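Visitor: One structure is given below, represented as structure tokens, and several questions about it will come after.
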């Protein structure tokens, strides 16, 4: 009887382990109001970025891809916000949903003035099947932006290019930073 119970407990633990997966950069969207999940990404030109360890000052995270037209339209805002807030806010870019070679080329072409990590499409697809990604709504859409407070808590997440009533792109980061007391 004890063997049967131990076997059942072992099977239950194995099933629980089977459902556990490593967090993806997109899981920041599920962490609004919570500390950033344990996601560490290599950057193109510096030390890795461990999102769960980002503390000390607010962090803005910009997810983009080389082929994404709305991402390209957001880049002037990102650059302008870095020029305005870069001394008070940590900026991190993440090229997502690209092949590694395309990501490297996109990072070189965009020449963002802050660290940029690569999260290859193969890595995401290995963890989250594309069919699940398609059914997940806006979670896997880009551009996607996140704002973490100085304690590492994800405070805001927004998906897609923000536009006004006329359809013109709008820079929303300053309004979210103002909610954190940064003008």
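Numbering (our numbering), first residue to last: 693 to 875.
Where is the CB? At the ideal position from N, CA and C, for every residue including glycine.
It should be emphasised that the depicted structure is a prediction, and the values quoted were computed from it without experimental measurement.
Could you name each continuous beta strand (DSSP E) segment of 3 residues or more that falls completely within the region 770-814, going from the start of the chain to the end?
Guide: The region 770-814 is shown to contain whole beta strand (DSSP E) runs of 3 or more residues at 782-788 and 808-811, in chain order.
Visitor: So what does DSSP say about residue 699, is it helix, strand or coil?
Guide: Bear in mind that the predicted position of residue 699 carries a pLDDT of just 39, short of 50, making it unreliable; the figure below should be weighed with that in mind. Helix.
Visitor: Going by the CB atoms, is the gap between residue 732 and residue 742 shorter than 8 angstroms?
Guide: yes
Visitor: Report yes if the C-beta distance between residue 810 and residue 760 is below 8 angstroms; otherwise report no.
Guide: no
Visitor: Work out the CA separation of residue 797 and residue 841 for me, nearest whole Å.
Guide: 31 angstroms
Visitor: From the DSSP output, in three-state form, read off residue 860 for me.
Guide: coil
Visitor: Output needed for residue 748: all residues of its chain with C-beta closer than 7 angstroms, excluding positions within five of it in sequence on either side, in chain order.
Guide: Contacts found: 842.
Visitor: Secondary structure at residue 847, three-state DSSP: helix, strand or coil?
Guide: strand
Visitor: How would you call residue 714, buried or exposed, if buried means at least 16 neighbouring beta carbons within 10 angstroms?
Guide: exposed
Visitor: Quick check: is the beta carbon of residue 858 nearer than 8 angstroms to any beta carbon in chain D?
Guide: You won't find chain D in this structure, because it holds only one protein chain.
Visitor: Could you check where the alpha helix (DSSP H) with residue 865 kicks off and where it finishes?
Guide: 865-871
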